[in-house]
Every structure is written in C-alpha cells, then in structure tokens.
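Protein sequence lines, in the order shown, are assigned to chains G and X.
Using my numbering, read the first sequence as starting at 327 and increasing by one per residue.
Using my numbering, read the second sequence as starting at 327 and increasing by one per residue.
Note that the Cβ used here is the ideal one computed from N, Cα and C, for glycine as well.
2 protein chains.
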Amino acid sequence: MKTDTTHASGAPAVVGAPWPDFSAALTAAAEGVEAALDACLPQPTAALGERELVDAMRYAVMGGGKRLRAFLAVEAGRLMGADPARALRCGAALECLHAYSLVHDDLPCMDDDDLRRGKPTVHRAWDEATAVLAGDALQTVAFEILADPATHPDGAVRASLCLRLAQASGAAGMVGGQALDLAAEKAAERADGGVLDGVSVKRLQAMKTGALLEVAAELGALVAEAPAAAVAAIRAYARALGEAFQIADDLLDVTGTEAEVGKRVGKDADAGKATFVDILGIDGARARAQALVDEAAAALAPFGAGAGLLTAAAQFVVDRRS
Amino acid sequence: MKTDTTHASGAPAVVGAPWPDFSAALTAAAEGVEAALDACLPQPTAALGERELVDAMRYAVMGGGKRLRAFLAVEAGRLMGADPARALRCGAALECLHAYSLVHDDLPCMDDDDLRRGKPTVHRAWDEATAVLAGDALQTVAFEILADPATHPDGAVRASLCLRLAQASGAAGMVGGQALDLAAEKAAERADGGVLDGVSVKRLQAMKTGALLEVAAELGALVAEAPAAAVAAIRAYARALGEAFQIADDLLDVTGTEAEVGKRVGKDADAGKATFVDILGIDGARARAQALVDEAAAALAPFGAGAGLLTAAAQFVVDRRS
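And the structure:
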C-alpha cells in the first residue's frame with residue numbers, strides 16, 4: 327500500500343490498496359468531514375487577535391490526517407441508518423477533539439515535537455500560548471458541534487453524544503492516558519524500575535488512544551438512534567480496532583521512516599517508553615495485531631455483509647505505513 | 327468589607343458586609359458547589375499516573391475562590407424556580423470551566439504567574455505538563471456534568487446548557503478574549519501603537535471575562551426552564567455585572583495589595599496592558615462601575631423583590647477587595 331499525502335482534496339488517497347471500496351469510502355469520509363469542519367469552525371475573518379487563534383485552530387484540524395475517527399462515526403452511522411449529515415457532524419466533532427489532543431501533546435512541556443503530519447506543529451508555526459489556546463478552543467468546538475440542534479433534532483441524543491465524548495476524552499479516558507504516559511516516562515528517566523508491564527501498557531493505550539476510537543464508532547451508532555445491543559457490538563469492534571491501531575503505531579515507531587510516517591520515529595525508545603513491541607517483540611506484536619483484527623471482524627458478525635467497510639478499516643489500521 | 331479567606335468551609339466569608347443576606351447566600355452557594363464538585367470530579371483513588379492529574383484538578387478547582395459564577399447560576403435558578411441540586415450542578419460545571427481557564431492562563435507561556443488565590447499555581451505545585459492536562463480535563467468535566475441526566479431529566483435542556491457554555495467559552499468568547507489580550511500585550515511590547523482604545527478594551531473584556539459571567543446566570547435560568555424573556559433579562563443583568571466586575575479588577579490591580587488580592591498586582595501596567603483605568607482614570611472607572619451596578623439592578627426590575635440577592639451581588643463585585 328502506498329499513501330499519497332499530496333492528494334488534491336487534502337485527504338490521504340490510498341493508492342493500490344487491496345480494499346478499493348474501503349479506500350474510496352475513507353477518502354469520501356475525509357472530504358465530507360473537511361467540508362463539515364469548514365462550516366463548523368470559526369471563520370478566518372476575525373480581528374487581528376482572534377485571527378491568529380482561528381488560523382491556528384484551522385491549521386491544526388483541517389487538511390490533514392487519515393480521518394479515521396470521522397470515518398468510524400460516518401460508517402457506523404451509515405450501517406445503522408443515520409442521516410449522513412448528522413454522522414458527519416459527529417465526525418467533525420471527533421476530529422476537533424483529536425486535533426486538540428495532538429496540539430497539546432506536541433507542546434514543549436509534553437512530547438516536544440516540531441513536526442506533525444509533515445508540517446510544523448502549532449507551537450512551532452505560531453507560539454506556545456497560541457497552541458495552548460487553539461487546543462483549548464478546539465475542545466470547546468467539539469462539544470459545541472454535538473450540542474447544536476443541527477446535529478440531531480432530539481435533545482436527548484445530543485446530550486448523550488456530549489456525555490459519551492466527555493467520558494471518553496477526560497481524566498478517565500484520553501487525558502488520563504496521556505497523564506499515565508508522562509508518569510511512565512518520568513519513572514523510566516529515574517530508572518527506578520518504572521517500566522510498565524503488559525497489563526499497564528494495555529491500560530494506558532486503551533485510555534490514551536482506544537477510548538476516542540471506541541467512542542467515534544459509538545457516536546455514529548448513537549446519532550442513528552441504534553438499539554443498545556448494536557451500540558455494544560460496535561463498541562466491541564472499535565475497542566479491538568483501537569488496540570490494533572496502537573500496536574501498529576508502536577511497530578511503525580520501530581520499523582517506519584520519518585518520511586513515510588510524517589513525524590519523528592524512534593521516539594518511544596528514546597523516551598524509554600514501554601510499548602507493545604517491547605513486551606511482545608516485533609513478530610509477537612504483528613500476530614497480536616492480526617488477532618485483534620479478527621476479533622474486530624467477529625464483533626461485526628451481527629451486521630452481516632453491510633459491515634464490510636468497517637472490517638476493512640480494522641485491517642487497514644494494522645497494514646498502514648503512516 | 328473584610329474578607330476572611332481562612333473560613334473553615336474554604337469559602338470566603340464576608341465579615342461585616344452591608345448585605346448580610348447576600349454574604350450568607352454567597353457562602354451557602356460556595357459550600358453547596360464545593361460538595362457538588364467533590365461528587366462530580368474524579369476521585370483521588372486512581373493509580374499513580376492519574377492520581378497526580380486528579381490531585382491537580384481538585385487542587386485547581388476546590389476550596390478556593392469567591393464562587394461568583396456558581397452563585398449566579400444558583401441564585402438565577404432559585405429566582406426562576408429551578409431544583410436547587412440541578413442549579414448547583416450548573417454551578418459546579420461553571421467553576422470547572424473557570425478553573426481550567428485560570429490554570430492555563432497562569433502557564434509560563436501565558437501570564438506566567440506563580441501565585442493564585444495565595445497558593446502556588448498548578449504548574450508551580452506540579453509541572454507544566456500536569457497543568458496543561460489538568461486544565462484540559464477540567465474543561466471536559468464541565469461538559470460532562472452538564473450533559474449528565476442528573477443535571478436535568480430533559481435532554482433538550484442538557485443540550486442547551488452544553489451549547490451555551492461552549493459558545494460562551496470558546497473562540498468567540500473566553501478563549502478568544504484571552505487571545506486578544508495576548509495579542510494586545512505583544513503589540514504593546516513592539517511599541518507600534520498597539521495599545522487598545524476603549525471600544526477594544528470593552529470588547530476584549532466582554533469576551534474574556536464577561537461571556538462566562540453572563541452564561542453563568544443564563545444556565546441557572548435555562549435549568550429552571552424559564553421563559554425566553556426572563557432568560558434575556560437575566561443575561562442583560564449579568565452582562566452589566568460582568569463589565570462592572572472587570573472594571574473593579576482593573577481598579578484592584580492599581581489600588582490593591584498582593585496580600586489582599588491573593589495574586590500579583592500591578593501586572594497589567596508591567597505588561598503594558600490597556601485597562602479601563604487607563605482609559606477612564608481611577609475616578610471615572612469607579613463612576614462607570616457604579617453606573618453598571620445600577621444598570622444591572624434595572625435589568626432585574628421584572629423580577630421584583632425576589633431579585634434582591636442578585637442586585638446585592640452586582641454591588642459586591644465593585645466593592646470587593648479581592
């Protein structure tokens with residue numbers, strides 16, 4: 327599989343992928359969410375001071391990334407009969423939330439990264455204060471989009487979208503996972519035997535990365551007003567996909583090149599971070615990732631052939647090169 | 327008026343205030359919101375990594391501050407017949423949102439403050455990364471509280487609480503105001519004639535401080551399912567109170583002492599910031615603040631004598647010493 331990151335739409339086109347329908351669907355979701363983001367974000371017409379903030383917000387979230395979270399929301403929504411525009415708004419909210427976490431994780435006091443998706447990070451392109459504020463406002467926009475009547479006419483649906491996103495992305499989810507990651511890094515620096523075991527790495531990654539991927543698929547189901555059993559099945563699917571995604575990330579950090587991946591590689595080892603590759607070895611990690619792809623596919627069994635694109639997405643996350 | 331910041335409840339007791347009912351109500355709201363926060367925040371029983379995050383979140387939001395935003399939500403809610411527990415949850419959400427903004431504003435890349443309410447700021451007590459993450463997670467908790475069915479049984483009410491808080495606190499409100507403030511400071515450093523005029527200072531402060539005070543009163547009215555005219559009246563009241571609050575802050579920065587105010591004073595002048603005092607002078611600023619108190623009281627006229635505590639609150643914000 328080759329990834330052409332210069333595709334005119336700004337979305338990564340997957341050239342020659344073994345799943346032509348999947349790559350077309352991923353591209354379509356990425357294009358759809360780009361338009362939804364453009365409509366939902368503040369317009370770059372503000373006065374000087376806010377103009378920088380709005381430019382930085384748009385820079386951080388638009389025109390980049392695989393849009394995997396948006397795809398999961400859109401495709402889970404399609405499978406369960408959601409209005410496509412509503413599912414796209416959920417996708418836009420998820421991408422805002424994800425982008426905020428990347429902007430803050432890249433800060434000098436956190437992972438201190440200069441490069442993200444092959445471009446300077448927000449604090450490099452502007453400054454640290456603008457990066458903190460742009461991340462803050464991107465988080466706010468995520469909840470603003472979900473709470474807006476344009477996302478669903480039923481207020482109970484909108485409130486449940488907000489609640490689930492908050493639960494997945496706060497101290498018990500994404501932000502808690504990042505805190506665990508920093509604590510593990512500090513423990514490794516002190517060389518006091520603080521390197522995590524397999525159970526801890528799995529928990530950390532489930533919080534840091536898995537929770538948002540899981541809720542992405544869930545929001546698609548919720549905006550479709552799917553029955554509870556279908557929501558549970560799609561969550562089980564996305565949970566397996568999320569763990570596979572993180573194992574693939576750990577593998578890319580060891581085996582990928584910076585040009586392919588679009589960000590610094592080898593940084594987990596530099597930071598003394600425990601990863602799935604440390605614990606399972608390269609071959610063991612590959613085998614575990616494939617087992618999780620199978621587990622994700624099995625969770626989709628109740629949906630029959632209509633879930634083919636979601637099954638393909640699970641395979642994609644372990645086969646991708648960036 | 328003297329403020330005893332060592333009151334056992336952690337809430338500031340206003341000793342010998344000319345409005346005994348108001349100071350009792352402010353203390354009661356502060357105690358109520360403290361209990362609501364304790365119930366809504368993650369418990370400090372998490373594993374090592376998250377424990378630091380949870381401790382920092384609780385440190386930032388509990389046991390401090392006047393709780394003016396919570397008071398406005400609780401008192402507007404009481405005036406319009408809200409269930410008190412629901413209004414308190416709105417107050418807790420507002421205090422989490424406010425605390426997140428203070429933690430991030432205090433960061434070295436922003437205002438670089440070591441002291442907040444007489445205690446070390448979060449990045450001084452822990453470190454910058456923990457302060458960024460604790461602020462992030464406090465913002466998330468604010469929306470989590472409002473979206474939770476415990477805040478109101480009607481999902482449409484919960485969604486409108488989330489939507490209005492997001493609109494008031496994002497790029498078009500609080501965060502946008504902070505971005506304007508930083509941009510004005512940078513312009514002043516360059517000495518390129520960037521000092522703001524009166525219209526710009528008013529707009530900046532309306533976004534940075536006013537928007538959250540206004541939405542605080544509004545959430546109390548919304549959780550009471552008050553009619554649109556009552557919501558509009560309470561917003562007009564809180565808008566005037568918010569501007570008066572900021573003028574009083576500018577006056578305190580010039581005339582207060584660090585021991586009284588609990589944070590560094592004189593920092594606006596040091597930073598070359600344009601304030602209401604620069605534009606109006608000390609006497610002019612005091613007169614304008616009092617006119618706004620009268621404007622706030624006039625907006626409450628439709629509610630009759632029941633609004634006495636809110637009227638007293640408007641006087642309090644200009645007479646306070648911290």
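According to DSSP, is X:Leu441 part of a helix, a strand, or is it coil?
As a working note, residue 441 of chain X is residue 115 in the second sequence. Strand, per DSSP.
For X:Pro446, which beta-bridge partners are listed by DSSP?
The count along the second sequence starts at 1 and reaches residue 446 of chain X at position 120. Per DSSP, X:Leu441.
Three-state secondary structure (DSSP) at G:Gly634?
The sequence position of residue 634 of chain G within the first sequence is 308, counting from 1. If DSSP states are grouped into helix, strand and coil, G:Gly634 belongs with the helices.
Taking 7 angstroms as the limit between beta carbons, can you name the residues of its chain near X:Leu556, skipping five residues before and five after?
Residue 556 of chain X sits at position 230 when you count from the first residue of the second sequence. Reading off the sequence, residue 556 of chain X comes out as Ala, not Leu. Here the set comprises Met406, Ala547.
Would you kindly work out how many angstroms separate the C-alpha atoms of G:Ile608 and X:Glu376, rounded to a whole number?
By 1-based counting over the first sequence, the position of residue 608 of chain G is 282. By 1-based counting over the second sequence, the position of residue 376 of chain X is 50. Near 29 angstroms, if we compare the C-alpha coordinates of X:Glu376 and G:Ile608.
Within the 8 angstroms Cβ cut-off, does G:Ala640 reach chain X?
Counted from its first residue, the first sequence places residue 640 of chain G at position 314. Cβ-Cβ to chain X under 8 angstroms: no for G:Ala640.
If contacts are defined as beta-carbon pairs under 8 angstroms, then G:Lys599 and G:Ala514 qualify, I think. What distance do you get, rounded to the angstrom?
The residue given as residue 599 of chain G occupies position 273 in the first sequence. The residue given as residue 514 of chain G occupies position 188 in the first sequence. The pair is a contact, with the Cβ atoms about 7 angstroms apart (cut-off 8 angstroms).
Could you name the residues of the same chain whose beta carbon sits closer than 7 angstroms to that of G:Ala460, not counting the 5 residues immediately before and after it, in chain order?
If you number the first sequence from 1, residue 460 of chain G lands on position 134. Leu379, Ala382, Met383, Ala386, Val429, Val448, listed in sequence order.
In the DSSP assignment, find the alpha helix (DSSP H) that holds G:Pro601 and state where it starts and stops.
Counting from one through the first sequence, the residue named residue 601 of chain G turns up at place 275. The question names Pro, but residue 601 of chain G is Thr in the sequence shown. First-last for G:Thr601: undefined, no H or E at that position.
Look up X:Gln504 in the DSSP assignment and say whether it is helix, strand or coil.
Indexing the second sequence from 1 puts residue 504 of chain X at position 178. DSSP places X:Gln504 in helix when its eight states are reduced to three.
Under 8 angstroms, with one C-beta from each stretch per pair, do the region 414-423 of chain G and the region 449-456 of chain G reach the 3-pair mark?
Counting Cβ pairs under 8 angstroms, fewer than three are found: no touch.
Let me know the secondary structure DSSP gives G:Ser648 once reduced to three states.
Your numbering for residue 648 of chain G matches position 322 in the first sequence. Note: G:Ser648 maps to coil in three-state DSSP.
Using a Cβ cut-off of 8 angstroms (strictly closer), state whether X:Arg484 contacts chain G.
Taking the second sequence and counting its residues from 1, the one referred to as residue 484 of chain X is at position 158. For X:Arg484, the answer is yes, since a Cβ of chain G falls inside 8 angstroms of its Cβ.
Give the interface partners of G:Met388 over in chain X, defined as CB-CB distance under 9 angstroms, in chain order.
Stepping through the first sequence from its first residue, residue 388 of chain G is reached at position 62. Near G:Met388 there are no residues of chain X at all, since even the closest Cβ is about 14 angstroms away, more than 9 angstroms.
From G:Arg404, G:Arg565, G:Gly503, G:Gly630, pick the residue whose C-alpha is nearest to that of G:Ser427; which is it?
Taking the first residue of the first sequence as 1, we reach residue 427 of chain G at position 101. When each option's Cα is compared against that of G:Ser427, the closest is G:Gly503.
Using C-beta distances below 6 angstroms, list every residue in its chain close to G:Ala559, excluding the 5 sequence neighbours before and after it, in chain order.
Position 233 of the first sequence, counting from 1, holds the residue named residue 559 of chain G. Here the set comprises Ala625, Pro628.
Please classify X:Ala651 as buried or exposed, where buried requires at least 16 other C-beta atoms within 10 Å of its C-beta.
Residue 651 of chain X lies beyond the range of chain X shown here (327 to 648); nothing can be said about it.
Go to G:Thr535, then tell me how far its alpha helix (DSSP H) extends in each direction, as first and last residue.
Translated into positions along the first sequence, residue 535 of chain G becomes position 209. Careful: G:Thr535 lies outside any alpha helix (DSSP H) and carries neither H nor E.
How close, in whole Å, do the beta carbons of G:Thr466 and X:Gly496 come, if the pair is a contact with beta carbons under 8 angstroms?
Here residue 466 of chain G is taken as the residue at index 140 of the first sequence, counted from 1. Here residue 496 of chain X is taken as the residue at index 170 of the second sequence, counted from 1. Confirmed, about 4 angstroms.
So, does the CB of G:Met406 fall closer than 8 angstroms to a CB anywhere in chain X?
Residue numbering aside, residue 406 of chain G sits at position 80 when the first sequence is read from its first letter. No, G:Met406 does not count as interfacial toward chain X.
Do you know whose CA, among X:Arg516, X:Ala552, X:Gly568, lies nearest X:Leu530's CA?
Start at 1 with the first residue of the second sequence, and residue 530 of chain X comes out as number 204. Of the listed residues, the one whose Cα sits closest to X:Leu530 is X:Gly568.
Can you pull the chain G neighbours of X:Val501, defined as C-beta to C-beta under 8 angstroms?
The residue given as residue 501 of chain X occupies position 175 in the second sequence. The contacting residues are Leu379, Leu459, Asp462, Ala463, Thr466.
Who are the near neighbours of X:Tyr563 in its chain, counting only those whose CB is closer than 7 angstroms to its CB and skipping five residues on each side?
Mapped onto the second sequence, residue 563 of chain X falls at position 237. Cβ neighbours of X:Tyr563 beyond the five flanking positions: Ala543, Ala622, Ala625, Leu626, Leu636.
Can you grab the Cα-Cα spacing for the pair G:Arg398 / X:Pro475, in whole Å?
Start at 1 with the first residue of the first sequence, and residue 398 of chain G comes out as number 72. Start at 1 with the first residue of the second sequence, and residue 475 of chain X comes out as number 149. In the sequence on display, residue 398 of chain G carries Leu and not Arg. Rounded to the nearest angstrom, the two C-alpha atoms are 26 angstroms apart.
Out of X:Gly634, X:Val643, X:Pro446, point me to the one whose CA is closest to X:Arg404's CA.
Looking up residue 404 of chain X in the second sequence gives position 78. The shortest C-alpha separation from X:Arg404 is found at X:Gly634.
Applying the criterion that 16 or more other CB atoms from any shown protein chain within 10 Å of the CB defines a buried residue, is X:Asp431 buried or exposed?
For this step, residue 431 of chain X is matched to residue 105 along the second sequence. Buried, by the Cβ-count rule.
State yes or no: is the C-beta of G:Arg484 within less than 8 angstroms of the C-beta of G:Ala473?
Residue mapping note: residue 484 of chain G aligns to position 158 of the first sequence, counting from 1. Residue mapping note: residue 473 of chain G aligns to position 147 of the first sequence, counting from 1. In this structure, G:Ala473 lies closer than 8 angstroms to G:Arg484 by Cβ.
Which chain X residues are close to G:Ala492, counting only those with a beta carbon under 7 angstroms from its beta carbon?
Walking along the first sequence from the start, residue 492 of chain G turns up at place 166. Here the neighbours are Thr466, Phe469, Glu470, Ala473.
What did DSSP end up calling G:Met383 once you bin it into helix, strand or coil?
Here residue 383 of chain G is taken as the residue at index 57 of the first sequence, counted from 1. If DSSP states are grouped into helix, strand and coil, G:Met383 belongs with the helices.
Which value, in whole angstroms, describes the spacing of the CA atoms of G:Gly610 and G:Gly417?
Position 284 of the first sequence, counting from 1, holds the residue named residue 610 of chain G. Position 91 of the first sequence, counting from 1, holds the residue named residue 417 of chain G. Going by the C-alpha atoms only, they are around 33 angstroms apart.
Would the beta-carbon of G:Val549 fall within 8 angstroms of that of G:Ala413?
Stepping through the first sequence from its first residue, residue 549 of chain G is reached at position 223. Stepping through the first sequence from its first residue, residue 413 of chain G is reached at position 87. Contact flag set, yes.
Using 7 angstroms as the cut-off, classify the Cβ of G:Glu378 as near or not near the heavy atoms of the ligand MN, replying yes or no.
For the ligand MN, the structure offers nothing, since it holds no ligand at all.
Please determine, among X:Ser648, X:Gly389, X:Asp437, the residue with the shortest C-alpha to C-alpha distance to X:Ala510.
Stepping through the second sequence from its first residue, residue 510 of chain X is reached at position 184. Of the listed residues, the one whose Cα sits closest to X:Ala510 is X:Asp437.
Output, in chain order, the set of chain X residues within a Cβ distance shorter than 8 angstroms of G:Gln504.
Numbered from its first residue, the first sequence carries residue 504 of chain G at position 178. Correct list: Leu459.
Suppose contacts are defined by Cβ-Cβ distances below 8 angstroms. Is X:Asp364 in contact with G:Val501 by that definition?
Counting from one through the second sequence, the residue named residue 364 of chain X turns up at place 38. Counting from one through the first sequence, the residue named residue 501 of chain G turns up at place 175. For X:Asp364 and G:Val501, no; Cβs fall outside 8 angstroms.
Does the beta carbon of X:Glu454 sit closer than 8 angstroms to a beta carbon anywhere in chain G?
Locating residue 454 of chain X in the second sequence gives position 128, counting from the first residue. At least one chain G Cβ lies under 8 angstroms of X:Glu454.
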